[in-house]
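Single-structure report; data block below.
2 protein chains.
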Amino acid sequence: MNDTKLIDIASALGISVTTVSKALKGYTDISKSTRAKVIEMAESMNYMPNSVAVNLRTNETKTIGVIIPATVHHFFSSVLNGILEEAEKRGYLVIILQSNEKYEMEKKQLALLIQKRVDGVLMSLSNETDDFSHINDAIRKNTPVVLFDKIAKRVDCSKVVINDAKAAFDAVSYLINKGYKKIAHFRGSYVPQNSIDRFLGYKRALEAHGIEYDSKLVYVCDNNTDFEDGYENAQKIMTEHPDIDAIFAITDLVAIGIIKYFNEAGIKTPDQVAVFGFSNWFMSTVISPKLTTIDQPGFEMGHTAVSILIDEIADIKEHRKVEHQIIELPTRIIERESTVK
Amino acid sequence: MNDTKLIDIASALGISVTTVSKALKGYTDISKSTRAKVIEMAESMNYMPNSVAVNLRTNETKTIGVIIPATVHHFFSSVLNGILEEAEKRGYLVIILQSNEKYEMEKKQLALLIQKRVDGVLMSLSNETDDFSHINDAIRKNTPVVLFDKIAKRVDCSKVVINDAKAAFDAVSYLINKGYKKIAHFRGSYVPQNSIDRFLGYKRALEAHGIEYDSKLVYVCDNNTDFEDGYENAQKIMTEHPDIDAIFAITDLVAIGIIKYFNEAGIKTPDQVAVFGFSNWFMSTVISPKLTTIDQPGFEMGHTAVSILIDEIADIKEHRKVEHQIIELPTRIIERESTVK
DNA sequence: TTCTAAATCGAAAACGTTTTCGAAATCACC
DNA sequence: GGTGATTTCGAAAACGTTTTCGATTTAGAA
């Protein structure tokens, strides 16, 4: 019921709380014998330090905050797993918040985390975010922030990302090298950097291989919780441009929508139209044909983001200068059935 | 850089911290005029109370802990979304921990949460857990616990669950009513209650409809991160019992494995063998044929678990007697292609 | 025995709030 | 101008630790 505190141990032993505290923390100015007595008594009363009091005194909470823009699904669930595992390993707890792609939410949540005195925060930006003063504020208040996946280049902090443009470039180059000639792109909405970068990669790959870019072959799928977008745009593109022979989709989810439409409409994948996804979500192996895609290392991203953050926390604590890092995790093409005839 | 505290406001205004604190908290013994001055000054210095100090003084953290047994995927990701949404709405933060189905982890993590002074904890038991003293300890220390999904009947606390046995009974009854006669069951491992209950529901449904239970038609799939188990056992059962006409799988994941094997082996689903899943994960609509399954309301489970927990926290704080609730969320059959000829 | 150095301990301040309780100031009223 | 009631404020304790620094005791050396 009532948990035991230092003073309980102290009075049970007839010594002071100072001595008890020091004994428990291994200070050298406590004799072996009293240290032993304290430890034994602490165990028998199963003492656990009150973290809140410790936090107040030491000014650190051993807790990090995480703000993700979207519901915990697919890619972010991998990242989250990486975060949880690494944080546990390094002795940190993690508080999760989701901004639902709203800038105001994101801002409020970041302020809340700082007020809660988390030691640092990991965040992936909402689609709406184009003002970064809240992040700069946090950093100025000595709460380190590391951005992952959906980042802003202009913010001066560590970041861990993939090279979306390069990955997209690779994907489209792969398709071209496979002999596909008229390649469409189902892109995401216009704001987020990932969406822009993947589109740019698509465009550059075409140009690099002497294929003229045609904006009419680009469709936008901005709903990222469902595959309906991919499904409907697939239907649309096949009436408007029935002669395409491949589609590079911004996401496995829209790729799945495309394939579902093709399967229902009797359009053969990849024989008539190949489909290339992005992220390597679990379901890309359950769809038939299995989806060729880009492996986006979410788990590792979470891992390294935590690792960098905790290092920066330590740097700040020891008054060392913190060096921001930009880590670019490698992606690779996972070739499956949807692109090989 | 340095955040402002009560004393900064106080000395800027030439008044005491007591007055500042009271003004900010709306005490009635502060005059309108000084209250206004305090509020204005607080805003201009953008004061945010130090949560750690508040926590220490008020003995509550407005934080709840969540321990889930498995990686944040599929079902648990829905629960988590429900938890996060409701917790946010009620002004609580949430700390997530995963036990990886290990009892020792679970125990350690629960102790950690209590030490961190979370106001309550939500947990879903690991498969290994068969000693519940850690949970009883928590409750005895006045930290309310509510169990969800994977629970223990013997623990005296609130629980939110589905009726696995009934859901399974319904599923198998549905198959029988559809005319399927030789129905196999791919069950989970022997320990967890869900697995046992679903198996029991299967068995009872057979008996209730005058079909003799045959233990040879029950295969165990205890890997819950992959669909290989379902795939391999599907292969096995079709050589050992080629005359079955339906399989009730403990999980959509194993159902997907089954269907994948059937698709590859040219076994028609549902014409030769129908497949029934469990949970209604996202991928059950991406597989072809689409999977008939049981809808397990993860999001709502998270929602109500948080709701109950926060109510109990309030009860304890107000010294009201807390009444434990056992909430059984309804499930329903989602009929799709894999069972309708 | 006396002096110095080392070993061992504890008082007290501090972290930033909240809240109780009493003091001071103001007001109303005769 | 005196009395009592009301309004407004602030000192201080408390939450449970950690850590500094000085005090006391013990050991060692002469």
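Protein chains in written order, with UniProt numbering: chain A, 1 to 341; chain B, 1 to 341.
Each residue gets a CB set at the ideal place from its N, CA and C atoms; glycine is no exception.
Please confirm whether any heavy atom of the ligand MG lies closer than 7 Å to the CB of T285 (chain B).
Inclusion of the ligand MG in the displayed structure is not the case, the ligand content being empty and no account of it being possible.
Can you give me the start and stop residues for the beta strand (DSSP E) that T63 (chain A) sits inside?
63-68
Could you check where the alpha helix (DSSP H) with Y219 (chain A) kicks off and where it finishes?
Counting along the chain, Y219 (chain A) falls outside any alpha helix (DSSP H), though it belongs to the beta strand (DSSP E) covering 218-220.
Looking at the C-beta of K268 (chain B), does it have a partner C-beta in chain A at a distance below 8 Å?
Cβ-Cβ to chain A under 8 Å: no for K268 (chain B).
Closer than 8 Å, CB to CB, is K116 (chain A) near chain B or not?
yes
Which residue wins for smallest C-alpha separation from V79 (chain A), given the options A:T304, A:D315, A:E328?
A:T304
Out of B:Q115, B:L253, B:A10, B:N55, which one is the CA nearest neighbour of M45 (chain B)?
B:A10
Do the stretch 260-278 of chain A and the stretch 115-127 of chain A make contact, defined as three or more Cβ pairs closer than 8 Å?
Counting Cβ pairs under 8 Å, fewer than three are found: no touch.
Please report the residue range of the alpha helix (DSSP H) in which V52 (chain A) lies.
51-58
For V145 (chain A), three-class secondary structure by DSSP:
strand
Identify every residue that forms a DSSP beta bridge with A249 (chain B).
B:F186
Is there contact here, the stretch 89-100 of chain B with the stretch 93-101 of chain A, by at least three beta-carbon pairs under 8 Å?
yes
Could you tell me whether any Cβ in chain B is nearer than 8 Å to the Cβ of M301 (chain A)?
no
Judging by CA-CA distance, which residue of B:A168, B:H319, B:K341, B:H185 is the nearest neighbour of K290 (chain B)?
B:K341
Residue closest to L13 (chain A), alpha-carbon to alpha-carbon, out of A:T28, A:N280, A:A36:
A:A36
Would you verify that the beta carbon of P49 (chain B) is, or is not, closer than 8 Å to some beta carbon of chain A?
yes
Below 7 Å between beta carbons is the criterion; list the residues of the stretch 81-101 of chain A that meet it against any residue of chain B, in chain order.
N81, L84, L93, V94, I95, I96, Q98
In its own chain, which residues sit with a C-beta less than 7 Å from the C-beta of Y202 (chain B), not counting the 5 before and 5 after it?
A168, V172, H185, F248
Comparing C-alpha positions only, which one of A:G188, A:L6, A:L122 sits nearest to V161 (chain A)?
A:L122
Is the beta carbon of I294 (chain A) closer than 8 Å to that of D119 (chain A)?
no
To the nearest angstrom, how far is the alpha carbon of A42 (chain A) from that of A138 (chain B)?
19 Å
Would you mind reading off the limits of the alpha helix (DSSP H) that contains R204 (chain B)?
193-208
Beta carbon proximity, K141 (chain A) to chain B, threshold 8 Å:
yes
Please decide whether V286 (chain A) counts as near chain B, where near means a Cβ-Cβ distance under 8 Å.
yes
Under 8 Å between the Cβ atoms of G257 (chain B) and G277 (chain B)?
no
Among A:T129, A:I83, A:L6, A:K32, the one whose alpha carbon lies nearest that of P69 (chain A):
Closest in alpha carbon position to P69 (chain A), among A:T129, A:I83, A:L6, A:K32, is A:T129.
Just to make sure I have the definition right: I need the residues of chain A whose C-beta is within less than 7 Å of the C-beta of A71 (chain B). Which are they?
The residue you asked about is not Ala; residue 71 (chain B) is Thr in the sequence shown. Neighbours of T71 (chain B) in chain A, taken as residues whose beta carbon is under 7 Å from its own, are N81 in chain order.
For I83 (chain B), which residues from the same chain have a beta carbon less than 8 Å from its beta carbon, with the 5 sequence-adjacent residues on both sides left out?
Here the set comprises V66, V94, L122, G302, H303, A305, V306.
For I256 (chain A), would you say it is in contact with chain B, using Cβ-to-Cβ distances shorter than 8 Å as the test?
yes
Tell me the residue span of the alpha helix (DSSP H) that contains L110 (chain B).
103-115
DSSP state of K159 (chain A) mapped onto helix, strand, coil:
Strand at K159 (chain A).
Cβ shell of D29 (chain B) (< 8 Å), same chain only, five flanking positions each side left out
K22
Which residues does DSSP list as the beta-bridge partners of V94 (chain B)?
B:I64
Applying a beta-carbon distance threshold of less than 8 Å, which residues of chain A neighbour F282 (chain B)?
H73, M283
Tell me which residues share the same chain as R204 (chain B) and place their Cβ nearer than 8 Å to its Cβ, disregarding the 5 neighbours each side in the sequence.
A165, F169
Does any CB atom of chain B fall closer than 8 Å to the CB of L56 (chain A)?
Yes - at least one Cβ of chain B is within 8 Å of the one on L56 (chain A).
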